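**Q**
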Amino acid sequence: MELQKLLSMNCKIESVHPAMLASDAEVNIVTVTVICPEGAPHTIRAYREEASALREYVRLLKLKE
Numbered sequence: 005m006e007l008q009k010l011l012s013m014n015c016k017i018e019s020v021h022p023a024m025l026a027s028d029a030e031v032n033i034v035t036v037t038v039i040c041p042e043g044a045p046h047t048i049r050a051y052r053e054e055a056s057a058l059r060e061y062v063r064l065l066k067l068k069e
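Below, the structure written as structure tokens:
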């Protein structure tokens with residue numbers, strides 16, 4: 005939800021850690037760094053099931069680009 009809100013404010017995903025690969029293994033922690041137009045960085049961290057859902061959401065966003 006937080007990522008969707010930031011993206012709707014024209015923020016861009018700067019990095020995803022661990023890096024996204026074509027065939028991702030299960031991960032327990034995901035950190036996404038987002039940069040907004042005013043230059044403020046935001047960090048979103050997700051754990052376990054939320055981490056998998058967040059990685060899938062970011063993966064789908066990158067496929068649409």
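Under our numbering, the residues of the sequence shown are numbered 5 to 69, in order. Idealized CB from N, CA, C, for every residue including glycine. No experiment lies behind these values; they were computed from the predicted model shown.
#1: Where DSSP assigns a beta bridge to Pro45, which residues make up the other side?
#2: Give the DSSP-derived three-state secondary structure of Glu50 in the structure shown.
#3: Hey, quick one: how far does the alpha helix (DSSP H) through Glu6 stretch, first residue to last?
#4: Go ahead and pull the three-state DSSP assignment for Glu18.
#5: I'd like the list of long-range same chain contacts for Val20, defined as Cβ closer than 6 Å, with 5 residues on each side in sequence excluded.
#6: DSSP has Val34 in a bridge; who is on the other side?
**A** To lay it out plainly:
#1: Ile39
#2: Reading the sequence as shown, one finds Ala at residue 50 and not Glu. In this structure, Ala50 counts as strand in the three-state DSSP scheme.
#3: 6-12
#4: strand
#5: Val36, Val62
#6: Ala50
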